[in-house]
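These notes concern the structure reproduced below.
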Amino acid sequence: MAALVKTALGCFALWVGLLMGCRDTKRDTLQASHAADVAVDTLVLLRQLEQLGNIAYDHPERFVHNPDSFIKLLAAEPTTAEGKEMYAWLLLNIGYALRENGNILASVRYYELAMDYCITSRLDDPDFVLYIAKPLGNLYTQIGDLQKALHIHQRAIDLSKARQNLQYLPALYGNMAITYQQIGWPDSLRAACTHGLSYIRKNDIHAALLYNTLARSHQEVDQLDSAAYYNQLALSLFSGRPLQGDTLIWYTAALHQQSFLAGERRQLPKALQAINQALALAETHLPNGKQREKAKYYYTRGNLHFLCQRPFDAIQDFQKTLFLFSPDPTSPHSFPDYTFTEALWGLARTHALQQSDSAAHYYVKAIENAYYSQQLIASSASHYQNSAWNRKLLHEAMAHLWQRYERTSDYTSSQSLAMLMLWITELSKGRQLRQEINRSNQWAQDSVSSVRQRQRQRLQYLLQAQAMAGNPQEKLRLQQEVEHLAFELQLAENHFDQSFAPPDFDAFTTSITARSDSATLVSYFIDSEGDAYYTTTVRGQSVANHIPAASLSDLPHFMETYFGYSPTAYDNDPLKYQTTASAIANLLLPTAGEATCRMIVSPDGLLFTLPFDALVKDGHFLGERNTINYTYTFLLNMQEHNPSPRHTSIAVLAKQDYHGTGLRDLHFVSHEAAYLATHFNADTYLDDAATDSVFFEALVNGQFIHVAAHAIANGVGGPYLVLDHPVTLDKLQYIHTSSPLIFLSACQTASGQLLPGEGVESLNKTFLSKGIHSVIASYWTVDDQTTAALAQLFYDALAETGQPAQALAIAKRRYLATSPPLLQNPWYWASLQLTGIDSPIYFEPRRAWAIWSYWTLGIVAFGALLWWLIRAPKRRLQCKNDKTY
Numbered sequence: 041m042a043a044l045v046k047t048a049l050g051c052f053a054l055w056v057g058l059l060m061g062c063r064d065t066k067r068d069t070l071q072a073s074h075a076a077d078v079a080v081d082t083l084v085l086l087r088q089l090e091q092l093g094n095i096a097y098d099h100p101e102r103f104v105h106n107p108d109s110f111i112k113l114l115a116a117e118p119t120t121a122e123g124k125e126m127y128a129w130l131l132l133n134i135g136y137a138l139r140e141n142g143n144i145l146a147s148v149r150y151y152e153l154a155m156d157y158c159i160t161s162r163l164d165d166p167d168f169v170l171y172i173a174k175p176l177g178n179l180y181t182q183i184g185d186l187q188k189a190l191h192i193h194q195r196a197i198d199l200s201k202a203r204q205n206l207q208y209l210p211a212l213y214g215n216m217a218i219t220y221q222q223i224g225w226p227d228s229l230r231a232a233c234t235h236g237l238s239y240i241r242k243n244d245i246h247a248a249l250l251y252n253t254l255a256r257s258h259q260e261v262d263q264l265d266s267a268a269y270y271n272q273l274a275l276s277l278f279s280g281r282p283l284q285g286d287t288l289i290w291y292t293a294a295l296h297q298q299s300f301l302a303g304e305r306r307q308l309p310k311a312l313q314a315i316n317q318a319l320a321l322a323e324t325h326l327p328n329g330k331q332r333e334k335a336k337y338y339y340t341r342g343n344l345h346f347l348c349q350r351p352f353d354a355i356q357d358f359q360k361t362l363f364l365f366s367p368d369p370t371s372p373h374s375f376p377d378y379t380f381t382e383a384l385w386g387l388a389r390t391h392a393l394q395q396s397d398s399a400a401h402y403y404v405k406a407i408e409n410a411y412y413s414q415q416l417i418a419s420s421a422s423h424y425q426n427s428a429w430n431r432k433l434l435h436e437a438m439a440h441l442w443q444r445y446e447r448t449s450d451y452t453s454s455q456s457l458a459m460l461m462l463w464i465t466e467l468s469k470g471r472q473l474r475q476e477i478n479r480s481n482q483w484a485q486d487s488v489s490s491v492r493q494r495q496r497q498r499l500q501y502l503l504q505a506q507a508m509a510g511n512p513q514e515k516l517r518l519q520q521e522v523e524h525l526a527f528e529l530q531l532a533e534n535h536f537d538q539s540f541a542p543p544d545f546d547a548f549t550t551s552i553t554a555r556s557d558s559a560t561l562v563s564y565f566i567d568s569e570g571d572a573y574y575t576t577t578v579r580g581q582s583v584a585n586h587i588p589a590a591s592l593s594d595l596p597h598f599m600e601t602y603f604g605y606s607p608t609a610y611d612n613d614p615l616k617y618q619t620t621a622s623a624i625a626n627l628l629l630p631t632a633g634e635a636t637c638r639m640i641v642s643p644d645g646l647l648f649t650l651p652f653d654a655l656v657k658d659g660h661f662l663g664e665r666n667t668i669n670y671t672y673t674f675l676l677n678m679q680e681h682n683p684s685p686r687h688t689s690i691a692v693l694a695k696q697d698y699h700g701t702g703l704r705d706l707h708f709v710s711h712e713a714a715y716l717a718t719h720f721n722a723d724t725y726l727d728d729a730a731t732d733s734v735f736f737e738a739l740v741n742g743q744f745i746h747v748a749a750h751a752i753a754n755g756v757g758g759p760y761l762v763l764d765h766p767v768t769l770d771k772l773q774y775i776h777t778s779s780p781l782i783f784l785s786a787c788q789t790a791s792g793q794l795l796p797g798e799g800v801e802s803l804n805k806t807f808l809s810k811g812i813h814s815v816i817a818s819y820w821t822v823d824d825q826t827t828a829a830l831a832q833l834f835y836d837a838l839a840e841t842g843q844p845a846q847a848l849a850i851a852k853r854r855y856l857a858t859s860p861p862l863l864q865n866p867w868y869w870a871s872l873q874l875t876g877i878d879s880p881i882y883f884e885p886r887r888a889w890a891i892w893s894y895w896t897l898g899i900v901a902f903g904a905l906l907w908w909l910i911r912a913p914k915r916r917l918q919c920k921n922d923k924t925y
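Numbering-wise (my numbering), the sequence shown opens with residue 41 and increments by one.
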């Protein structure tokens with residue numbers, strides 16, 4: 041209560057001070073009535089800036105809970121150099137105060153605002169390296185956006201060298217090394233530390249940071265003796281020195297590292313002694329600051345108590361960690377920081393050790409908070425790393441929930457546990473994909489002349505130039521420009537101005553229940569040991585299952601044998617295939633017999649390239665009785681529960697001639713193009729006309745797109761489409777499209793590198809990330825003739841139903857019903873699969889003049905053919921005569 045009164049009085053004093061300042065400035069304005077208007081305005085702002093600056097520096101408690109309202113007390117932005125400099129310092133002091141009070145998200149936003157303001161205002165002061173790049177890079181590292189951290193750290197190092205500010209370099213290289221450690225690049229880490237140490241005099245205290253970082257790097261690769269050596273070097277530098285300010289923080293960090301090392305060696309009393317010393321120093325000298333550092337120390341001590349089998353003490357320390365981050369009792373289990381997530385994980389483990397029901401609660405909260413924290417990350421590489429880390433947490437959580445599920449006999453409890461297993465599984469999938477979709481949706485709001493639009497266009501140009509550059513030095517220069525401009529684009533997107541909310545379990549449950557009335561929903565998770573967990577939801581009822589790793593051991597061989605580069609394995613023994621495929625269906629889908637005829641599958645691991653409709657139930661392919669499509673996560677399907685129908689035209693790009701490229705010609709793609717051109721309102725581009733620029737234009741225009749061409753799944757830079765120039769994942773990265781669907785009639789367009797928690801890095805996934813609702817792509821090498829026939833059957837069915845997933849299923853059934861037994865081999869027809877949101881699509885009818893045009897072209901073509909047949913004997917005779925002459 042006293043704290044509330046103090047805060048209220050402080051706010052009241054702030055308002056009174058500002059009002060009195062305004063009265064004084066009015067008097068000054070009257071006295072300076074003959075002065076220029078700009079000077080008068082500047083006097084008003086300077087006084088307000090000085091008052092707000094003093095509060096930001098000395099009394100952060102008055103605004104840290106609502107910094108935006110605080111900054112809005114300023115009547116306007118300054119116009120003079122002095123005012124702009126004061127405003128920049130105000131932004132930086134707000135950012136610093138927010139960081140010291142643990143509000144990392146808001147702190148990053150204010151540091152970014154300060155950086156943008158200093159750059160656009162061309163300010164030399166505040167010093168960019170010391171007061172912007174250095175703290176902002178560290179903040180990026182804290183939230184896990186490591187690619188942005190590397191970029192700004194490198195920028196600070198380069199600038200310091202150019203300005204000959206060599207005294208900055210040890211600390212900058214130290215920060216860079218910590219980022220390398222988070223990424224998992226030990227060689228780069230050690231190189232950064234070596235560079236940093238080369239700029240330090242003997243016994244300089246700044247070396248302690250670099251030694252401690254080297255200690256951590258050696259510890260992570262189990263080189264404990266080397267780790268202890270560098271940690272001792274760090275600790276020895278503090279001997280006899282006064283512990284205050286940064287020196288105190290560095291010393292407690294070295295003690296923290298010493299505790300870690302002792303814990304690794306199971307020297308638990310020594311570990312506890314070191315961490316207790318670090319905590320005592322921090323609490324004594326920094327009672328109201330460095331909350332994040334103290335939270336890390338409490339978390340470490342909690343882990344040590346857990347290892348010592350002191351659950352009560354462990355729980356106290358983990359709870360203290362949570363409190364230091366988020367003292368607000370209204371949101372005790374949500375804070376965007378990975379130490380906060382680890383503390384929740386620690387509570388889950390400790391309660392599980394005690395067989396407490398609270399364990400499940402904390403496991404779920406830990407995964408929810410990991411998802412919440414990962415929303416802050418902008419770069420893809422950092423997303424992938426964090427998704428991989430989250431899999432370890434998910435593995436442990438799923439094992440615990442499954443044990444509880446097996447033990448319970450209560451129907452309500454089992455339903456609740458199954459839904460929780462589904463929730464945390466889907467929450468752990470496709471995080472980077474969802475981020476990219478949200479990012480692309482923001483680009484849709486950009487005007488043609490906006491800064492972000494120009495930056496994206498420039499990036500597309502640079503990536504095209506980089507792909508075509510032959511000179512290695514030119515490639516490197518272009519790569520550096522791409523990295524710099526990509527960073528500038530991320531800043532221009534104002535990522536941290538967005539609203540980041542914890543995920544909503546109740547909304548997810550409602551969506552899943554509603555969707556399961558018309559479709560069977562199946563979600564899989566395969567852990568690092570090969571065990572699989574999956575939930576099946578039908579008509580609001582969820583069932584959880586577990587498959588031991590041994591039962592899945594033959595699945596990779598089955599997929600490689602029947603869905604590889606040749607159809608011969610099935611042809612040699614169809615009965616063997618049916619027996620094996622039936623056993624796999626019973627393993628993966630034991631309730632398929634009671635399921636609805638519509639099935640949506642959220643796969644994981646190697647299941648991303650398994651065609652479920654080619655599995656067998658009761659002597660029939662699943663695809664003969666079920667409509668099956670796929671999603672990267674059911675969270676995507678939540679966003680479009682009842683998607684609006686789209687009326688669209690088709691852009692058809694068909695390339696059959698690959699002469700001189702080393703790729704074989706595709707003789708049947710012209711049939712696909714001709715069929716679409718004669719039946720629908722289609723813009724058709726054949727061979728030389730099927731260019732990458734036409735393709736990108738169709739994406740921007742939001743057309744339904746059909747591509748019949750070659751694709752390469754294992755290119756040096758990742759998968760790509762082969763048009764006149766390669767359409768790579770990099771080139772697609774900065775495109776936004778509202779196309780409802782793209783049909784990739786090409787080989788292996790759903791193949792690529794498997795990323796933990798993120799699925800397959802493929803053309804399929806990349807198009808989904810650009811805003812396309814659904815993609816039809818192939819899992820393996822396709823047969824040209826069969827694919828052309830399936831495409832025609834698909835478009836016939838789509839014109840009838842307007843539902844892409846249903847249309848693809850109907851196309852496959854009609855193909856199977858009319859094909860001889862040899863061509864019923866799944867290798868021919870099961871490669872094409874639909875992933876994404878099944879939005880209704882209706883084609884614009886073929887215009888009458890266009891129909892007459894194609895009839896005319898047909899008659900002309902027939903006449904030409906007839907003339908050729910009549911003249912053929914004469915030509916053959918002439919050729920023969922020429923040959924014998």
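Ideal Cβ positions, reconstructed from N, Cα and C, are used throughout, including at glycine.
All values derive from a computational prediction rather than experimental measurement.
Exposed unless 16 or more other CB atoms sit within 10 angstroms - verdict on residue i
i: ASN143; result: buried
i: GLU801; result: buried
i: ILE355; result: buried
i: ASN328; result: exposed
i: ASP377; result: buried
i: ASN865; result: buried
i: GLY285; result: exposed
i: ARG831; result: Before going on, a small fix: residue 831 reads as Ala here, not Arg. The residue in question, ALA831, is buried, as its Cβ has 16 or more Cβ neighbours within 10 Å.
i: TYR220; result: buried
i: PHE735; result: buried
i: ARG945; result: The structure shown has nothing for residue 945, since the chain only spans 41 to 925.
i: PHE720; result: buried
i: HIS191; result: buried
i: ARG306; result: exposed
Sequence-distant residues of the same chain with beta carbon closer than 6 Å to residue i, five excluded per side
i: ALA274; result: ALA248, TYR251, ASN252, ALA294
i: THR292; result: ALA318, LEU321, ALA322
i: LEU503; result: ASP770, LYS771
i: THR649; result: TYR819
i: GLY663; result: ASP653, LYS852
i: GLY342; result: ALA354, ASP357, PHE358, GLY386
i: TYR605; result: THR821
Contact belief for residue i with residue j at Cβ below 8 Å, rounded distance in angstroms
i: SER556; j: THR577; result: 4 Å
i: TRP240; j: PRO210; result: Rather than Trp, the amino acid found at residue 240 in this sequence is Ile. Right, the Cβ-Cβ distance comes to about 5 Å (below 8 Å), so this counts as a contact.
i: ASP723; j: ALA691; result: 5 Å
i: THR361; j: THR379; result: 7 Å
i: ASP156; j: LEU531; result: 6 Å
i: LEU833; j: TYR868; result: Their Cβ separation, rounded to whole angstroms, is 13 Å, which puts LEU833 and TYR868 out of contact at 8 Å.
Close beta carbons around residue i, own chain, < 7 Å, minus the five adjacent residues each side
i: ALA507; result: PRO766, THR768
i: HIS74; result: The predicted model places HIS74 with a pLDDT of 38, which falls under 50 and marks its position as unreliable; any figure quoted below should be read in that light. Nothing meets the Cβ criterion.
Neighbourhood of residue i by C-beta, 8 Å cutoff - its chain only, sequence neighbours within 5 removed
i: LEU726; result: ALA694, LYS695, GLN696, SER710, ALA713
Using 8 Å as the Cβ pair cut-off and three pairs as the minimum, do the region 168-180 and the region 195-214 touch?
Short answer: they touch.
Which ranges would you report for the beta strand (DSSP E) in the region 544-601 if only whole runs of at least 3 residues count?
Complete beta strand (DSSP E) runs here, min 3: 560-566, 572-578, 581-587.
Decide if the region 401-420 is in contact with the region 452-470; the criterion is three or more beta carbon pairs, one per stretch, under 8 Å apart.
These segments touch.
Please give the ranges of any alpha helix (DSSP H) in the region 443-515, keeping only runs that are unbroken, at least 4 residues long and fully inside the region.
Every alpha helix (DSSP H) of 4 residues or more that sits fully in the region 443-515 is shown, in chain order, as 451-467, 471-483, 491-508.
Okay, do the region 744-756 and the region 711-720 touch, 3+ Cβ pairs below 8 Å being the bar?
With a cut-off of 8 Å, the region 711-720 and the region 744-756 count as touching, because enough Cβ pairs lie within range.
Whole alpha helix (DSSP H) runs in the region 162-193 with 4 or more residues, listed along the chain?
The qualifying runs are 174-183.
Could you tell me whether the region 433-452 touches the region 511-526, where touching means 3 or more Cβ pairs closer than 8 Å?
Cβ pair count under 8 Å is below three, so no.
Quick one: any contact between the region 772-791 and the region 474-484, if contact means 3 or more CB pairs under 8 Å?
A contact exists between the region 772-791 and the region 474-484.
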